[in-house]
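Numbering (the working numbering), first residue to last: 3 to 390.
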C-alpha cells in the first residue's frame, strides 16, 4: 500500500483519538485535532454515537461511531466490545492512538497492542467514579480495576505514555504500581482558548449576584453541598441567584436522578438551565463560578471562568488546587463542607473589589499556564517521545 502524502510533501501520519462521548471530543479535544490536522496529519475520532458526532464531521473530521456502555460490567459483552475495537483499529491502521477516560484507556490499549503494537498515549482525565465512590460494589471492583491498569499498561510499555492532569493523580498511580514513573507525564487539562474566553466589561450593576455551577449532574461534583450552601445564604437574607448548568449522565452510577433534578428546579434561589452550549455567554453573565467537587483532573469550567476574569470557589482537592490559588484568584474550601462553601461565597458576594482582584489574577494565571497553545504544545512533545 502506498504511503499517504500530506500537503507538506511528507508521509502523512494517522492519529486516532478515542473517548467515551462525542461531546468530550468536541468540547475538550477539538483544538488538538485541528492542530494535528494543521501539521498535515490525518485524524480519526472515535466515540459512542451522539449528537456531537455530526458536529465533528462538519468540522471536516472522520468520526467513527463505536457503541459501548460506560456502565456495563458483563464480561461476555465487554469481550465482544474489545474484539470489535481491535477490528476497528486494524482497519484504520493508526500511527498513534490517544485514549481518554478509564474504559477507553483500558480497551484502547488492548486494541492498539493487538493491532500492531501501535504507539499509545493514555490520558487519565480524572480518577472517575470507580476511584471516588465508597459504595460497597465499587470498593469490591476497585482492586480489579487497579489490577487491569497494571496488566494492560504493561502490554506495550516501550510505546506508551500516560498523561495525568495533576501531580497528585500521577503520584497515586505510581505508588499503586498501576503505571511506571518513567512513563507518567503531567499536562494540566485540555487548555482554553483565551481569545474566545476573555473578560467582558459588563459589571452587572443593579442585578443580583449570579453564582454559576456548570458541570454534569453527578453527586461527586458537590451539587448537594451547593444546594445546601444556597439555602444557608438564603436563610441569611443574602440576595444571590445560583445558576446550575448541566445534564444528568445516566451512564454514570453517581448521576442525579430526574426526581432529584426536579427538586433542584423548585429551589427558590436556584435556576436550573440544563445543557448550555454557549459557555462564554453563560460565564460572562455570572459574577462567581463555583465547583465543590470531590475529585477532579483539571476542571475546564474553572479554567474558562478564570480566563474570563471571574473569581472562582472550589474544593481543596487535586486538580482544583492546580488552578485555584487560595486568596489569590479564588477560595479553596474543604470537601463536603456546605458551611465553608457558603462562607467563601458570602465573602465574594460582599466584596466587589475582591471579585475584580481575583478575576484579574486568574486571567494572568491562565494565560501563563493553562492556555490552549501551551497544553497542545506539551501534548505534542509527548507524541514526539514516541517518534511521532
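C-beta: ideal position from N, C-alpha, C; glycine also.
Would you mind stating whether residue i and residue j have Cβ atoms separated by less than 7 Å?
i: residue 340; j: residue 262; result: no
i: residue 245; j: residue 297; result: no
i: residue 92; j: residue 117; result: yes
i: residue 332; j: residue 314; result: yes
i: residue 351; j: residue 187; result: no
i: residue 168; j: residue 321; result: yes
i: residue 97; j: residue 54; result: no
i: residue 202; j: residue 286; result: yes
i: residue 108; j: residue 174; result: no
i: residue 250; j: residue 216; result: no
i: residue 194; j: residue 305; result: yes
i: residue 210; j: residue 243; result: yes
i: residue 256; j: residue 220; result: yes
i: residue 159; j: residue 166; result: no
i: residue 46; j: residue 18; result: yes
i: residue 155; j: residue 189; result: no
i: residue 27; j: residue 21; result: yes
i: residue 196; j: residue 309; result: yes
i: residue 199; j: residue 282; result: yes
i: residue 142; j: residue 162; result: no
i: residue 120; j: residue 106; result: no
Tell me the residue span of the beta strand (DSSP E) that contains residue i.
i: residue 274; result: 272-276
i: residue 245; result: 242-247
To which residues does DSSP link residue i through a beta bridge?
i: residue 314; result: 291 and 332
i: residue 74; result: According to DSSP, residue 74 bridges with nothing at all.
i: residue 187; result: 165
i: residue 124; result: 101 and 164
i: residue 18; result: 46 and 99
i: residue 194; result: 373
i: residue 257; result: 220
Can you give the beta carbon distance from residue i to residue j, rounded, assuming they're within the 8 Å contact cut?
i: residue 164; j: residue 126; result: 6 Å
i: residue 316; j: residue 271; result: Incorrect: roughly 21 Å between the Cβ atoms, too far for contact.
i: residue 363; j: residue 289; result: About 16 Å separates the two Cβ atoms, so there is no contact after all.
i: residue 214; j: residue 291; result: 5 Å
i: residue 335; j: residue 319; result: The pair is not a contact, with the Cβ atoms about 10 Å apart (cut-off 8 Å).
i: residue 223; j: residue 111; result: So it is not a contact: roughly 28 Å between Cβ atoms.
i: residue 179; j: residue 152; result: 6 Å
Could you give the first and the last residue of the continuous alpha helix (DSSP H) run that contains residue i?
i: residue 161; result: Taken as a continuous stretch (DSSP letters only), residue 161 belongs to no alpha helix (DSSP H), as it is neither H nor E.
i: residue 212; result: Where residue 212 is concerned, there is no enclosing alpha helix (DSSP H), although the beta strand (DSSP E) it sits in stretches over 211-216.
i: residue 236; result: 225-237
i: residue 179; result: Where residue 179 is concerned, there is no enclosing alpha helix (DSSP H), given that its DSSP letter is neither H nor E.
i: residue 345; result: 340-351
i: residue 285; result: 281-286
i: residue 302; result: 302-309
i: residue 325; result: 322-325
Examine the ligand FMN and report whether any of its heavy atoms sits within less than 6 Å of the Cβ of residue i.
i: residue 158; result: What this structure holds is no ligand at all, so the ligand FMN is not there to describe.
Exercise. Counting only runs of 4+ residues fully inside the region 21-83, write out the alpha helix (DSSP H) ranges in chain order.
Key: The region 21-83 contains these whole alpha helix (DSSP H) runs: 24-30, 32-40 and 55-60.
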